[in-house]
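Report on the structure given below.
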Amino acid sequence: MNEHNSKIELPEGGELFDSSKVGPVKALLGLIGAVCLTATLILLFTFSRNGAGEPKLGDWASYSYLFAVTFFFTLAVGGLFWTILHHATNSGWGIVVRRQMENIAGLIPWVFVLMIPFFFSQVRDDLWEHEPLHRALVAKTEPKVAPTFEKDHEHWEHELAAWIGRADSARKLVAAGKASAGEVAQMTVRLKEAEAAVDELKAAEPTEASVRRKLQDKDNHLLTHKWDMYFHASKPRLIAYAIAFILMVGLLRNWSLTTDKVGGEKLFLRSRYWSCFFLLPFGVGFTFLVIDFLMALNYEWFSTMWGVYLFAGAALNSMALLIIVVTLFRENGYLRRVVSLEHYHLMGKLLFAFCVFWAYIAFSQFFLIWYANIAEETRFYLLRNAEWWNVASIVLVVGHFFIPFVILLWRPVKKNPLLISIVGVWCLLMHALDIYWIVIPERAPSLTAGTTPRLWSGEAVILDLIAFLGVGCTLAYIFLEKLKGVSLYPCRDPRLNESINVVN
Amino acid sequence: MSVTTEDKVKRTWGYVAEFDTAASVYEAAKAMKEGGYRRWDVHSPFPIHGMDGAMGLGPSFLSRIVFCGGLAGSLTALLLQFGTQVGLYPTIVQGKPDNLFTIPAFFPVTFELTILFSAFTILFSLLVIIRLPRLHHPLFESKLFTGFSDDKFILSVEARDPKFAREGTREFLQSIGAKQVELVEEEL
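Note that the protein sequences, when read in sequence, are chains V and D.
Counting from 1, position 42 in the first sequence corresponds to residue 42 in this note's numbering; the numbering is continuous, with no gaps.
Just add 1000 to wherever you are in the second sequence, counting from 1, and you've got this note's numbering.
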């Protein structure tokens, strides 16, 4: 009613972020980021074992780097999800925090830049073992292909010639007309047989490819069958994800920033129209990227819920990050006139909802595998419950679900910026544990497979920390850098007033 | 002996006041709150956004009862499953554990029972709180009141309200913009 339509005086051009105030923080973030990132990259590329043998520091660091990049990728991509969802559902409440969603999503191009090391075999071979395995298999098979092909082809020619000969002689006998009716009938049957055999043989002419497949079949390995689709497309696939995601973020953010300058409804409506289409490449791209990155850590294991499991974590923790970012701005005197406790309540509700959603998906994934008890599926959970990983699994169940669930049930918590931000920090910590729990248990068993097998490598934790700080601080620095000259909320959005006065 | 209307003993139930627009009833509700009235309500043909805020209604305390109901559901489910499958007659399936770590198997039932108990608690405690079902309500006597299901906005004040006064409340309602005010009486 009246309160809903009240207009408050807002500065023209929105609120601008004063970068000079955060100078020291930014410098520190930049420094830590640069040092840690450089250290990790040097380790990755110069201390790699390049093939078999004892794992070196760079090999351990490959997993650390995957952990760090994936963690921040999920956060950034969650920002994109909230932006798209906000437009696609025509939501009005969150216009005032939408710019922060876009800012978080704006890190996506930089996360993809940080994914460049994943194109190189020094990193790939440690993480995705099926690739070196397959190369070894090919190397073993290839010398045998040419001689086997020659032999097979010779045999095939011989067979073919024999059948053609038989067919010809039968045809001649019939054509000569000297045979009795019984003999003609017999010959006709024989002719048909021979012609069928010739056709069959012609269709089955051995090629180099078929011989290669036959030889590899002896190793009876799934990878040899579906390999072409899997391996040869894995790098182009990563490039395709990058193009799709960067395009979506770029367009939405650009339309939003242009609206700040020119106003009007045109770009707002265009964002809404296109966001409905963006949902599809978002879902497909995200699902296949996490399959390529994380599920492929153990190529023998699969889960049909993998994409949605990671997505639930991404959406949840991106919302947690959004709440923290908005609180930090408010604590420093920004956004105070536009973001109210109602917005906190709404964001808190979404945090709560996705906390439950994550638990639902995580439990469904676990439950079906646990119940069915099929060896090829249980491997994932067996490894993650071996020795001390069991504690991590239980902490995840309690800390990622039960604790935030019970706390977020209370409305006062959702309406208190400080408390909800503390819950947000807790969620982010749990998400870090979640990604760590997905990536790191694979590390020691994979790397030490050819030598003395180990389950855990304690000293590599320092590498995880360095990679995490390197990627995290670099992205935080970029986040602050990109705030320059841009309003902290969409200041000329047609529905800004509706959002400011939202009541739920 | 027949009983006529005049013979019945009547008691004042309260007033109903009619408003023409949602905005005027919204303003009136704010004025009622500021006037210190406590036992009153607004009836409208459609939900009016922000009305609960204008009326000064706090969050419902139903949620606390429902929390207890849900908790009772979880505990019932866990007790029944652990009691029978682990305690009284240990059931071992596929070599899965027979202790606290059997809990994943018990989750679906726990989940369902929590929801079932919560839903029942909501329904039945709501019925108790709003005292339903009942056959009649004094407001149904009022001609004016029927307008709320058509195009009028109705504000009702009960005589039980400490601030209620036969003349004072009528004047107050008129002063906050009521088009018509009607006294509602209930038969004893």
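For glycine and all other residues, C-beta sits at the position ideal for the given N, C-alpha and C.
Note that this is a predicted model, so its numbers are computed, not measured.
Query: C-beta contact flag for G58(V) and Q122(V) at 8 Å; Result: yes
Query: Cβ-heavy atom distance, E150(V) to the ligand PLP, below 7 Å; Result: Among the components of this structure there are no ligands whatsoever, and the ligand PLP is therefore not found.
Query: Contact under 8 Å by Cβ, F479(V) with L107(V); Result: yes
Query: Test: F1117(D) CB closer than 8 Å to a CB of chain V; Result: no
Query: Beta-carbon proximity check, A320(V) vs G424(V), cutoff 8 Å; Result: yes
Query: Within chain D, the residues that N373(V) reaches when beta carbons sit closer than 7 Å; Result: Q1094
Query: Among L1113(D), M1051(D) and E1185(D), nearest to V1157(D) - alpha-carbon criterion; Result: E1185(D)
Query: CB contact below 8 Å: G1177(D) versus chain V; Result: no
Query: Supposed close pair F73(V), I246(V) - CB separation, criterion 8 Å; Result: The pair is not a contact, with the Cβ atoms about 13 Å apart (cut-off 8 Å).
Query: Minimum length 4: unbroken alpha helix (DSSP H) runs contained in the region 241 to 315 of chain V; Result: 266 to 293
Query: V1026(D) - containing beta strand (DSSP E), residue span; Result: With the sequence shown as reference, residue 1026(D) is identified as Tyr, and Val is not the correct amino acid for it. No beta strand (DSSP E) contains Y1026(D), which is instead part of the alpha helix (DSSP H) from A1022 to E1034.
Query: DSSP three-state assignment for F17(V), whether helix, strand or coil; Result: coil
Query: Any C-beta of chain D under 8 Å from that of F367(V); Result: yes
Query: CB contact below 8 Å: R411(V) versus chain D; Result: yes
Query: Counted within 10 angstroms of its Cβ, other Cβ atoms place D493(V) as buried (16 or more) or exposed; Result: buried
Query: Classification of W388(V) by the beta-carbon crowding that lies within 10 angstroms, buried from 16 upward; Result: exposed
Query: Distance between A88(V) and L1135(D) (C-alpha atoms, nearest Å); Result: 47 Å
Query: Contact under 8 Å by Cβ, L475(V) with M430(V); Result: no
Query: Residue span of the alpha helix (DSSP H) that contains D168(V), given as start and end; Result: H130 to A176
Query: Cβ contact check for the region 37 to 47 of chain V and the region 92 to 109 of chain V: 3 or more pairs under 8 Å; Result: no
Query: Proximal chain D residues relative to W370(V), where beta-carbon distance stays under 7 Å; Result: P1104
Query: Residues sharing a beta bridge with S105(V), DSSP; Result: Reading off the sequence shown, one finds Ala at residue 105(V), where the question assumed Ser. In the DSSP output, where bridge partners are listed per residue, A105(V) has none listed.
Query: Cβ pair F67(V), Y334(V) closer than 8 Å; Result: no
Query: Straight-line gap, M1001(D) to G1069(D) (C-alpha atoms, nearest Å); Result: Note that M1001(D) scores 47 on pLDDT, short of 50, meaning its location in the model is unreliable and no value can be drawn from it.
Query: V77(V): contacting residues in chain D (beta-carbon distance under 9 Å); Result: The premise fails here: V77(V) is roughly 29 Å from chain D at the closest Cβ pair, so nothing lies under 9 Å.
Query: C-beta contact flag for P143(V) and L41(V) at 8 Å; Result: no
Query: Residues that DSSP places opposite D1191(D) in a beta bridge; Result: Given that chain D is displayed from residue 1001 to residue 1188, the structure contains no residue 1191(D) and the question cannot be resolved.
Query: Any chain V beta carbon closer than 8 Å to P1059(D); Result: yes
Query: CB contact flag (V507(V), V262(V), <8 Å); Result: The structure shown does not extend to residue 507(V), since chain V is modelled only from 1 through 504, so no value can be given for it.
Query: Residue-level contact to chain V via CB, F1107(D), 8 Å cutoff; Result: yes
Query: Option in R411(V), E157(V) and H343(V) with minimal Cα separation from A203(V); Result: E157(V)
Query: Beta strand (DSSP E) runs contained entirely in the region 1088 to 1139 of chain D, provided each spans 3 or more residues; Result: none
Query: Residue-level contact to chain V via CB, F1050(D), 8 Å cutoff; Result: Note on identity: in this sequence residue 1050(D) is Gly, with Phe being the wrong assignment. Closer than 8 Å to some Cβ of chain V, the Cβ of G1050(D) qualifies, so yes.
Query: Where the region 339 to 369 of chain V meets chain D: residues whose CB sits under 8 Å from a CB there; Result: F363, F366 and F367
Query: Straight-line Cα distance separating S256(V) from A242(V); Result: 21 Å
Query: Pair within 8 Å by beta-carbon distance, N317(V) and L75(V); Result: yes
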